[in-house]
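Notes follow the structure.
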Amino acid sequence: MVDYAELASIAETLIEANGRTVTVNKLGITPSDVNKPWRGQSAPAQTTVSGAAVFVTMSDAEFGMLVQNDGVIRGEQVALFAANNDGSNALEDFDQIVDGSVAWRILRTQLLRPGSTRLLYMFEVAR
Amino acid sequence: MTATITEARDEMFAVFRTAWLGDPASASVPVMWPDVAAQKPPTSGAWARVTVQHNTGRQATLSNGVGQRRFRRTGVVTVQVFAPTGDGQEFSDQLATIAKNAFEGVTTSPGRVMFRDVRLREVGQDGNFYQVNVLADFEYDEVR
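Line by line, the protein sequences give chains L and D. The first sequence: position 22 = 22 (my numbering), numbered continuously. Convert by adding 127 to the 1-based position in the second sequence; the result is the number in my numbering.
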């Protein structure tokens, strides 16, 4: 029997050892003009989760290949994020990863979740 | 009266929004606006997306004494309605009717954007949603 809790812990250790700290944001919506929401809006971070992430390219990484499940390349990179660091937030609904001065849009999210163990997030991201 | 592109678009969206928020059936149904950041369609529950697409533009009058002419612009405003499947199109019909009535026989004020040929296109089911598009041709004049 595979101990998935231990695997989640290993994923966390490896990503923290080899990655860099990023911020994963869920953005809110504040219309610039409440009567004209089509005129644009500011998008302040509503919920923020910090943790280490490892960035791999879409083309030459095994995890990156997993995200290309329809054969269409949309993102530039894949960010791997340990689910142990998600602070009990469902990061599947989050919008943005801030890595230093770069704000990556999250295009697609996959969560590796064997059984009930949340193990690893794979974020397909683009600038 | 006449309108610029931005004024005309404002009036078209405002006409739709007033009708959408004015009906209890659609008031809480989220609307996605074009080119607005941080909007994500919900994964469950109904939602709609509105777009304005200009099509033609031509000179409609000779110039007046100060050299101004009327230019007539036409296009299509589209409301894409996405409703949860399984109710025999009941809710999608309800929402599409609200969108249709927002434009049918309407001329906006003060820009005088006129809507014509309002029609429905049932696109069909995709995943958890049943999609119906409501299209309305529009026309307005710009003076410049």
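The C-beta atom is built at its ideal place from N, Cα and C for all residues, glycine as well.
Original post:
Are the Cβ atoms of K36(L) and F94(L) separated by less than 8 Å?
Top reply: Residue 36(L) sits at position 36 when you count from the first residue of the first sequence. Residue 94(L) sits at position 94 when you count from the first residue of the first sequence. Cβ atoms of K36(L) and F94(L): not closer than 8 Å.
**OP:** Could you tell me whether any Cβ in chain D is nearer than 8 Å to the Cβ of W38(L)?
**Re:** Mapped onto the first sequence, residue 38(L) falls at position 38. It does: the Cβ of W38(L) has a partner Cβ on chain D nearer than 8 Å.
**OP:** Check whether the Cβ atoms of A82(L) and R105(L) lie closer than 8 Å to each other.
**Re:** Taking the first residue of the first sequence as 1, we reach residue 82(L) at position 82. Taking the first residue of the first sequence as 1, we reach residue 105(L) at position 105. No, the pair does not count as a contact, with Cβ atoms beyond the cut-off.
**OP:** Please work out which residues of its chain come closer than 6 Å, Cβ to Cβ, to T188(D), disregarding the five sequence neighbours upstream and downstream, and give them in chain order.
**Re:** As a working mapping, residue 188(D) is identified with position 61 in the second sequence. If we look at T188(D) and ignore the five residues flanking it on each side, its Cβ neighbours are R196 and R197.
Subject >> Rounded separation between G254(D) and S171(D) - CA only >> reply: Residue 254(D) sits at position 127 when you count from the first residue of the second sequence. Residue 171(D) sits at position 44 when you count from the first residue of the second sequence. For G254(D) and S171(D), the distance between alpha carbons rounds to 11 Å.
Original post:
Is the CB of W174(D) under 8 Å away from at least one CB in chain L?
Top reply: On the second sequence, residue 174(D) is found 47 positions in, with the first residue counted as 1. So no, W174(D) is outside the interface.
**OP:** Run the CB neighbour count on M1(L), radius 10 Å, all protein chains shown included, and call it buried at 16 or more, exposed below.
**Re:** Residue mapping note: residue 1(L) aligns to position 1 of the first sequence, counting from 1. Under this definition M1(L) is an exposed residue.
Subject >> Residue range of the beta strand (DSSP E) that includes W174(D) >> reply: Against the second sequence, residue 174(D) aligns to sequence position 47. Counting along the chain, the beta strand (DSSP E) containing W174(D) begins and ends at W174 to Q186.
Original post:
In the DSSP assignment, what residue or residues form a beta bridge with S50(L)?
Top reply: Taking the first residue of the first sequence as position 1, residue 50(L) is located at position 50. In DSSP, S50(L) forms a bridge with T23(L).
Original post:
If we count the other Cβ atoms within 10 Å of its Cβ and call it buried at 16 or more, is S88(L) buried or exposed?
Top reply: The sequence position of residue 88(L) within the first sequence is 88, counting from 1. Exposed.
Subject >> 9 Å Cβ cut-off: residues of chain L touching D280(D) >> reply: What is shown of chain D runs 128 to 271, which leaves residue 280(D) out entirely.
Subject >> Secondary structure of P37(L), DSSP reduced to three states >> reply: Sequence index remark: in the first sequence, residue 37(L) carries index 37 (1-based). Three-state result, P37(L): helix.
Original post:
Tell me which same chain residues have a C-beta within less than 7 Å of the C-beta of P161(D), skipping the five on either side of it?
Top reply: The sequence position of residue 161(D) within the second sequence is 34, counting from 1. These residues qualify, in order along the chain: T178.
Original post:
Counting pairs of Cβ atoms below 8 Å between the stretch 107-123 of chain L and the stretch 235-248 of chain D, do you hit three or more?
Top reply: no
**OP:** Specify, as a first and last residue, the run of the beta strand (DSSP E) that A82(L) falls within.
**Re:** Here residue 82(L) refers to the residue found at position 82 of the first sequence. From DSSP, the beta strand (DSSP E) with A82(L) extends over Q77 to A82.
Original post:
On the three-state DSSP scale, how would you describe D93(L)?
Top reply: For the purposes of this step, residue 93(L) is identified with residue 93 of the first sequence, where counting begins at 1. D93(L) falls in the helix class under three-state DSSP.
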